[in-house]
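> Chains as they are written, first to last, in the numbering used here: chain D, 11 to 531; chain H, 11 to 531. All residues carry an ideal CB built from backbone N, CA and C; glycine is no exception.
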């Protein structure tokens, strides 16, 4: 009748559309949250397997975990989810969803489409091969006999090539696998970042080794009772902001962080009586992961908005607390008096410079998980280069021991005495985890980039650390990173927070400055 | 053609029939075992909830447990299971199944038919009421205000009457509820057993109280470090035969035994520094449950042949190790030197007669869970009588506090100062667990009956206990009770093992002899 009336009708129609979409959207979220309740059980029984389960419980546990995983896969890739996503596509594209809703729809569709691309028989073949390869790898590593592992590694690489082709990629077949762990990351981005990181790190390591400086701190080599180590670690984790009402700290063979984020986050460590710093740094590392988990928003649990972005971003959080904070002189100004109080009568003669050096000593070594902050990335780059070349058919599995040993010599000046201490040291390839390793180094690079932004936002950060005031840093990380869930991709988040794309520059500046000073280069 | 040929054909036909049935049977077992894998996850996350879970993990945990439970219920009561059971009915009735197969089919049908009898809306109403009633009970108990709890207890009783009518019964409505916890047991069996037990126990308690004998053992009231208590408890549990490669011992607010029998059995206890016997007897009790769990046959896991018979039989095993073994003079001949060694410098002056008396002292008290071996059954009989009369409409919920207090005076000579220490002390009724209590006393009675058979089979038992040789007893229990799963009903098993029906005679003889001697009556 008149303009106002016509307008009213249109608005009303659009409301109806919106309401219809909301209902579809809410149905999707309901499904995702139910799936999350089911899937999150795996976080507890998986943790239990590594920390509490008696040896004979393993057989049933494997069945429980396999059943949960296949039920979740089946439910998530059901036509019902597919139909809901399809129905929401138009609403998403025409901008009818809120930003949060759009993130949840887009990221769910991403996972759904990936999961749907693999036919069931390939998924089963992958699971079977993984199980066999893991057993064979453990056996072959024990005997340091790569030939024993080779056929199953070849099969794994073949299967992963099939997977990559099914997932699809634009430039490099390796991108399709990388995308599983670090969505959106590509070889084209990694190659220049890692090349520069490698060159400057190799030079730095050579310079450090050239100084001949090493440390032997007697005060740290004495027996430090495990219970006292634990109570000190808990004090530090709490100071960093870990909420023990929403988490735990236990022992396991390999430290990890699991459980049910955000309200039940479970960290683990392993302790050595004669090396109190080892477990302490593990705990600081896992606390970084744990704070990310506890920083996710509970109201978004089970949806992409309540999930972490990528392994690289996760690792940036663990490295922030372990390295950027925990290995700083400021941290030890805060921590050393507390450390001495905890270990009264044991290491009270420990000196400030001694502990700062011991926490940062650079020493080329064969084993990745024991590597220091500087050499660590060389271990990763070596693995990345091999994986990338394997997937592109530029090298063959049988050549790996030789390639490994040659590069270890080039990058770290060491040659493994056998393949157990070389190409077979990690479990990842036996589990089909090709594309995983780069995320470790990405974590270091991202962490350093974020930390530059932190320093701008918190100009008093160094003094805060000395005073043990970790709340400002933790809140900055929570507000700028954790609470967003998957709202941004890793690259977008970094650009948003730091104004720059992912790069190795911040990390290299940090590393060269810190270790230049430490080794008086 | 000839007899042999005809015979051959018949045998062949019967084989075909058998094969067809076997396939149906195997399908049923496959379903049950899958259901068990899923359901058994609850055993771990339920245990975790009581022992490990941080406070804020509770909300998600409740959803996880509810989802598991409803998934299992839905799968178990599916038409697929119904059809399989229907298809196996004829085979069962015509004796084509082996004994084990027949047990699995019969017992599965029993559970299936029961579960199918309750309509979904009633099941949901029960769950809702339980949740509300538990909260209200906790609140009302804190304020010792029965009136606050009364409406929800009335609703619970009403719902349980509906449940009982749907389950069906022959003589007494209470039988339908009892059957949930103690299949096959009836009020007609309980009434005479419990009446005699009550009368003779009341007399015994009066006689004991009349002696005026009490004990105050200073050596047991000193601080006994918790870590040493734990290591002593583990030594005893291991001596009894608990396999820590297939189980654990942890702390919880209320001791229990859970996990995934038979290979992952998890016991808990609670410790008081100034009362080392309290946790020790909890552990012996849970070890009895744990040995039953570990004694079930792994090959039958998830089927009735691999499940315990009833709560009463389960309790008979815990009471055997806690009371019949653990409170005997023979046990302390074995254990006292070890106890003193564990508590070097603390209770080395503890005397043999002192500890035997402290472990067996009879003292009428208000709280069931703190009651001694003699008065305990009076607490149970009081509850049984009230439940039975409630279900039969002979008493009303509002009368309970008065009835409770009157009977406490009649049976134990005590009147609770308030309802928190009286009618509201237990969680069971708030959870709808009407029919549960009698199984505690049945456990005591069954245990004593089994133990008479044990004494005949192992004439050297007392000396074996003194020498710490528990293998013969454990193996007897395993061979005669544990390994059978649900092959026999509780009553059939007792008749088979002891030659007599369930009765209070063996327990009364044991009790009157033991406490007559202890109190010099």
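Quick check: residue 269 (chain H) and residue 42 (chain H), are their CB atoms within less than 7 angstroms of each other?
no
> Quick one: using the 10 Å Cβ neighbour count with 16 as the cut-off for buried, is residue 55 (chain H) buried or exposed?
Buried: at least 16 other Cβ atoms inside 10 Å.
> What's the C-alpha gap between residue 403 (chain H) and residue 165 (chain H)?
Whole-angstrom Cα-Cα distance: 14 angstroms.
> Note down, in chain order, all residues in the region 257-272 of chain D with a beta-carbon under 9 angstroms from any beta-carbon belonging to chain H.
257, 258, 260, 269, 270 and 272
> Spell out the partners DSSP gives residue 259 (chain D) in its beta bridges.
D:277
> Identify the residues that DSSP records as bridge partners of residue 269 (chain H): which are they?
H:275
> On the DSSP letters alone, give me the boundaries of the alpha helix (DSSP H) that residue 177 (chain H) sits inside.
156-177
> Could you work out which residues of chain D lie near residue 64 (chain H), taking near to mean beta carbons separated by less than 7 angstroms?
In chain order: 254, 255, 256, 257, 258 and 274.
> For the alpha helix (DSSP H) containing residue 195 (chain H), name the first residue and the last one.
Residue 195 (chain H) -> no alpha helix (DSSP H), and no H or E assigned at all.
> Just to make sure I have the definition right: I need the residues of chain D whose C-beta is within less than 9 angstroms of the C-beta of residue 74 (chain H). Which are they?
47, 48, 50, 51, 54 and 270
> Pop quiz: residue 451 (chain H) and residue 422 (chain H) are said to be a contact at Cβ under 8 angstroms. What is the actual Cβ separation, rounded to whole angstroms?
Not a contact, Cβ separation roughly 15 angstroms.
> How big is the Cα-Cα spacing for residue 68 (chain D) and residue 236 (chain H)?
30 angstroms
> Residue 377 (chain H): buried (16+ other C-beta within 10 angstroms of its C-beta) or exposed?
With fewer than 16 other Cβ atoms inside 10 Å of its own Cβ, residue 377 (chain H) counts as exposed.
> Is residue 63 (chain D) helix, strand or coil when you go by DSSP?
Look at residue 63 (chain D) here: in three-state DSSP terms it is coil, with no helix or strand label.
> Distance cutoff 7 angstroms, beta carbons only. Does residue 251 (chain H) sit that close to anything in chain D?
no
> Hey, quick one: how far does the alpha helix (DSSP H) through residue 241 (chain H) stretch, first residue to last?
236-250
> First and last residue of the alpha helix (DSSP H) that includes residue 394 (chain D)?
Boundaries of the alpha helix (DSSP H) harbouring residue 394 (chain D): 386-401, taken from the DSSP string.
> Between residue 2 (chain H) and chain D, is there a C-beta pair that is closer than 7 angstroms?
Here chain H covers residues 11 to 531 and nothing more, so residue 2 (chain H) does not appear.
> For the region 316-327 of chain D, list every residue whose C-beta sits within 9 angstroms of some C-beta in chain H, in sequence order.
none
> Under three-state DSSP, which class holds residue 13 (chain H)?
Reliability fails at residue 13 (chain H), whose pLDDT of 35 lies under 50, so the model's placement of it is uncertain and no value is given.
> Any idea what DSSP makes of residue 122 (chain D), helix, strand or coil?
helix
> Nearest by alpha-carbon distance to residue 37 (chain H): which of H:58, H:529, H:115 and H:177 is it?
H:115
> Does residue 70 (chain D) have its Cβ less than 7 angstroms from a Cβ in chain H?
yes
> Could you give the uninterrupted runs of the alpha helix (DSSP H) lying entirely in the region 62-99 of chain H, keeping only those of 4 residues or more?
68-86
> Return the chain-ordered list of same chain residues with a C-beta closer than 6 angstroms to the C-beta of residue 76 (chain H), the five sequence neighbours on each side being excluded.
none
> Can you tell me the Cα-Cα spacing of residue 505 (chain D) and residue 473 (chain D), whole angstroms?
27 angstroms
> Using CA atoms only, rank isn't needed, just tell me which of D:162, D:46 and D:34 is closest to residue 308 (chain D).
Minimum Cα distance to residue 308 (chain D) is reached at D:46.
> How long is the line joining the alpha carbons of residue 262 (chain H) and residue 277 (chain H), rounded to whole angstroms?
9 angstroms
> Could you name the residues of chain H that residue 58 (chain D) contacts, counting a contact when the two beta carbons are closer than 7 angstroms?
54 and 58
> Exposed or buried, residue 494 (chain D), counting other C-beta atoms within 10 Å across all chains shown (16 or more means buried)?
buried
> Which stretch, first to last residue, makes up the alpha helix (DSSP H) that contains residue 497 (chain D)?
Taken as a continuous stretch (DSSP letters only), residue 497 (chain D) belongs to no alpha helix (DSSP H), as it is neither H nor E.
> Alpha helix (DSSP H) containing residue 448 (chain H): first to last residue?
448-467 is the extent of the alpha helix (DSSP H) around residue 448 (chain H).
> Is the region 458-469 of chain H in contact with the region 178-188 of chain H, if contact means three or more CB pairs nearer than 8 angstroms?
no
> Compare the C-alpha of residue 465 (chain H) against each of H:486, H:175 and H:417 and name the closest.
H:486
> Does residue 303 (chain D) come within less than 7 angstroms of chain H when only Cβ atoms are used?
no
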